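Structural data, given as structure tokens:
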């Protein structure tokens, strides 16, 4: 027994010794791990600092004049780790991405920036740079003093686009929509879109000026279409959106066009269609509409799966220095309000430029968000080549004068001889200029897609008319569908009552109000196969509680859109509450209408005068797009209008502004005075092949007014009536001509007075002016020697100045007078009681006989 015990003791001692040895070994390894961990933590600390702040010490300014490195205490590191991190984040590429809350996205960017840059096709890059610079130099020498808005100083944009489009094609892109202002536009047309230099030079030669008398646009505003062939042999269809001089106004239009093209394709739309917007630095810092547009990026109904936002940064705005153009270091800084990456690149490092082009497009496809690239260069000439920049920036331009073109710098770096290639291009451009001089007609730079072939523009023709009426049975069927919802859907009691009333309207038991008339019009188009899209602030419900196109379950807030359940094979109805924006959203919807003409596209202002915030879109695109660029679009702009004592900002939709913009049948301006008229107007807009914007002054207090509602029989009328004649009083002695709400108030008051001598005629379409219909309506009252235009707007507003000369022309020998509020600087009084006094006065004057001295001629 003792021997056994002794053996056990020896084994225990051996095992204990082994354990001690293992523990010591483990302790050594743990100590080494701790050291490695401390080194790794230190490395992470260093790298985290450079990921956050390295961009402030990057070498980004080609002239070394404005963006010098800032002293950043957080970057005060020494050692190999700091040098490595500095090489990634403080060179000619700078990245701002640590504000993105998604860790996966931050790590995605860091991983790629902290790895070796892929080899660039330097020969191809050099050739693109030569083409870009020589093209600009030839124009400068041959058209000296002519505006062209040269790309020189940021010609790296051309290889950037080349690389990005090539990689986008590999990722699934088949189309790209590009919005950009004038800087570099001609170069992009030639070097990216493949347009003939002769076609561009013809714009400088101003070939065939008689063909565009009173219309057309300057060469650096017009749009273009083209085809980019990638290095793998695939084609990307390119569309350069026409734009005005209002910088950034094209941004939402490009996004709307992209969304429409994506919608046409279907599920793969965001993969196939790539949106690109190219900005100037001062415009990006100073204009608000791009911020509205980028805020739409992840909003339902407006997302395009991410866009590429490029700033062609000259570090100057016309004559303004960077510190006069923006309040922060970079023109791009406002973009940090969004969780998207921003890459700054020195535009004189072409290899870095194409690397970021690849990274940016891959990020867009990986995460479906916007990416901003700040391409920092300079501007070789004055703002428009007409200016002398040495007057305002003498030191800068002394430096630029001696600064070689980028292709020369890059060729020297590569040790390449380029003189023969330069001569070859110069000879080719000279031949193109000679060809341009011999042209007899101005060439077209853009080709319309096939889906526009069925539609017409130009002057109105009677053969464009269509019948818009529906039988009572058809209306009733749609109405029944609008009132349906599943038994499991918990509907709000008020909405339940509304739907019951709407069902009764469809049965002919109740007259139709505007909300139901609109719903039936939309429903009828959907069942005919016409898609309908509506957006605006609170448009799902409607500002005035009139629409309720989206039902909400009161127990779980799930939604239901009855208009999408009318029939199995119907088209889709889209309705969106938009962001609190006018210019951005209306621009988007105009763009959508440009590339989906089969869809009835509607934008609704919360109140009519809120469209003031979108005046640039209205002036530059909606009103003049066809005249300037030959482009059709048919958005419906719904503007609530009417004087009801709600103050200066909730009364007038500024009728006068739209009428002032009206010419050459460029748009339709209407104010339907009954629910049925509104129904017919919407159907006419969609069903006619004549594609023109439609401005509709919609009612507020009249939405359910007994004098404005319609019977189900009125929906069977064949057409929208441009003029509603007086039919209740035969051969009236006086005729009041008006449009909209004031007419109903006059009719109500006339009824109270038992007035059987005053006729009231409604002008439902103000433009194109319905001369023949109005003349016919007046002629049916041969004894009426007084024709009086009545409006509730002040004398210097409303339709007065537009209507009066036309009314006098067709009234012939009858006396033509007008009744209105006195001229005013503000559209309406802020006092409800004052409004009531003014409105009573207008109505009293209108219905009083013997008006001499009381009204204006």
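In this note's numbering, the protein residues as written are 8 to 864.
For glycine and all other residues, C-beta sits at the position ideal for the given N, C-alpha and C.
Predicted, not measured: the structure shown is a model, and the values here were computed from it.
query	result
Per DSSP, what kind of secondary structure is residue 279 in: helix, strand or coil?	helix
Check residue 208 in the structure and name its three-state DSSP category.	helix
DSSP three-state label for residue 417, please.	helix
Taking residue 647 as part of the beta strand (DSSP E), name the residues at either end of that continuous run.	643 to 647
Under 8 Å: do the segment 164 to 177 and the segment 394 to 413 share three or more Cβ pairs, one atom per stretch?	no
Looking at C-alpha atoms only, which residue of 412, 346 and 713 is the closest neighbour of residue 108?	346
Do residue 324 and residue 288 count as a contact pair if the criterion is CB distance below 8 Å?	yes
I need the straight-line Cα distance from residue 633 to residue 370, nearest angstrom please.	37 Å
Taking the beta strand (DSSP E) that residue 543 falls in, what are its first and last residues?	539 to 543
Could you have a look at residue 743 and say whether DSSP puts it in helix, strand or coil?	strand
Applying the 10 Å Cβ sphere with the 16-neighbour rule, what's the burial state of residue 805?	buried
Mapping DSSP to helix, strand and coil, what is residue 598?	helix
By DSSP, does residue 232 sit in helix, in strand, or in coil?	strand
Would the segment 538 to 558 count as touching the segment 568 to 585 if we require 3 or more Cβ pairs under 8 Å?	yes
Only counting runs of 4 or more residues, tell me where the alpha helix (DSSP H) segments fall wholly within the segment 301 to 343, in order along the chain.	329 to 332
Thinking C-alpha only, which one of 591, 690 and 600 is nearest residue 299?	591
Which same chain residues end up closer than 7 Å to residue 579 when comparing Cβ atoms and leaving out the 5 residues on each side of it in sequence?	538 and 571
Output yes or no for whether 8 Å exceeds the beta carbon distance between residue 150 and residue 193.	no
Give me the Cα-Cα distance between residue 72 and residue 133, rounded to the nearest whole angstrom.	26 Å
Beta-carbon separation of residue 704 and residue 667 under 8 Å?	no
Alpha carbon to alpha carbon, how far is residue 437 from residue 727? Give it in angstroms, no decimals.	57 Å
With a cut-off of 8 Å on the beta carbons, I'd call residue 368 and residue 285 a contact; round off their distance for me.	No, residue 368 and residue 285 are not in contact; Cβ-Cβ is about 15 Å, not under 8 Å.
The beta strand (DSSP E) spanning residue 610 covers which residue range?	607 to 611
May I ask you to report which of helix, strand or coil DSSP gives residue 854?	helix
Does the contact criterion of 3 or more C-beta pairs under 8 Å hold for the segment 821 to 836 versus the segment 646 to 664?	yes
Report yes if the CB atom of residue 139 is closer than 8 Å to the CB atom of residue 168, and no otherwise.	no
Count the other C-beta atoms from every protein chain shown that fall within 10 angstroms of the C-beta of residue 602, then say buried if there are 16 or more, exposed otherwise.	buried
Cα-Cα, which of 212, 593, 719 and 609 is closest to residue 689?	609
Do residue 292 and residue 341 have their C-beta atoms within less than 8 Å of each other?	yes
Please identify the residue among 498, 392, 686 and 664 whose C-alpha is closest to the C-alpha of residue 5.	In the structure as shown, the chain starts at 8 and stops at 864, and residue 5 therefore has no counterpart that could be examined.
Could you check which residue in 290, 503, 126 and 296 has the C-alpha nearest to that of residue 362?	126
Quick one, are the C-beta atoms of residue 707 and residue 649 less than 8 Å apart?	yes
What residues are listed by DSSP as bridge partners for residue 353?	383
Please identify the residue among 780, 69, 832 and 755 whose C-alpha is closest to the C-alpha of residue 409.	69
Taking all protein chains shown into account, do 16 or more other C-beta atoms lie within 10 angstroms of the C-beta of residue 441, making it buried, or fewer, making it exposed?	exposed
Going by alpha carbons, who is nearest to residue 95 out of 798, 351, 569 and 611?	351
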